[in-house]
Amino acid sequence: DAGVIQSPRHEVTEMGQEVTLRCKPISGHNSLFWYRQTMMRGLELLIYFNNNVPIDDSGMPEDRFSAKMPNASFSTLKIQPSEPRDSAVYFCASSLIGGPLLFGSGTRLTVV
Amino acid sequence: DAKTTQPTSMDCAEGRAANLPCNHSTISGNEYVYWYRQIHSQGPQYIIHGLKNNETNEMASLIITEDRKSSTLILPHATLRDTAVYYCIEYGGSQGNLIFGKGTKLSVKP
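Going down the list, the sequences are from chains A and B. Counting in my numbering, the first sequence runs from 19 upward without gaps. Counting in my numbering, the second sequence runs from 45 upward without gaps.
Below is the structure:
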């Protein structure tokens, strides 16, 4: 199995630029999660989808962040405009509803 | 916030069993105990989960006390590659949100 695939692995961008992170969940999984990890705050959930529908986006820090899941095999997390405090590792995970989450390798975002 | 309590760090000698404890005294009846680990700069890796019975798979064993207020993850023969942060999490599944605490940093030493 290919596992959860995230791209890019690393992203360096300038403050104010738009950033798009991408995720391909495991085939057949019907839940998708976006997490962010920083040294200060640890791993925190940003948003999750069941059957492509956003269920809980209370973890999205502010309106600059948006996430979409147009179909069962693709999701994006967009930050516009980006700020230095958005620098973190962003993880995507997928699961069958109620089952264990399986994580991707993450995207390390640096905003300068 | 995470509802489980774990020691901040532990050491284990290579080849010995690593026993990682977790307290989850407020766990509700429909919540499972999940264990994940995160090796430096990688994504969290699922290890094992259980409800009330002990569980074993190719990676580890999970021992849950009868009152379900605590559990122990056992790595039977720790290797240097098992050095990681180990997270114990209460998870209801249908609620959708794995809440990660600070975990236990396990250092396996030669």
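The beta carbon of each residue, even a glycine, is placed where N, CA and C say it ideally should be. Keep in mind it's a predicted model, so treat the numbers as computed, not measured.
Item, Value
"9 Å Cβ cutoff, P118(A) in contact with chain B", "yes"
"Through-space distance from I92(B) to N74(B), alpha-carbon basis", "17 Å"
"Local conformation of R59(A) per DSSP, three classes", "coil"
"Minimum Cβ-Cβ distance from L39(A) to chain B less than 9 Å", "no"
"is_contact[S105(B), chain A] using C-beta, thresh 9 Å", "no"
"Interface residues of chain B facing F143(A) [CB-CB closer than 7 Å]", "The displayed coordinates of chain A run from 19 to 130. Any statement about residue 143(A) would go beyond what the structure contains."
"Per-residue contacts from H84(B) into chain A (C-beta, under 9 Å)", "Chain A residues near H84(B): none, gap ~11 Å exceeds 9 Å."
"Contacts of Y34(A) in chain B (Cβ-Cβ under 8 Å)", "As written in the sequence, residue 34(A) is Gly, which differs from the Tyr given in the question. Here the premise fails: no neighbours, minimum Cβ distance about 27 Å."
"Cβ pair count under 8 Å reaching 3, the segment 39 to 56 of chain A against the segment 89 to 96 of chain A", "yes"
"Short Cβ contact (9 Å threshold) for Q55(A) with A111(A)", "no"
"Straight-line gap, V129(B) to F67(A) (C-alpha atoms, nearest Å)", "27 Å"
"Neighbour flag for G87(B) against chain A, beta carbons, 9 Å", "yes"
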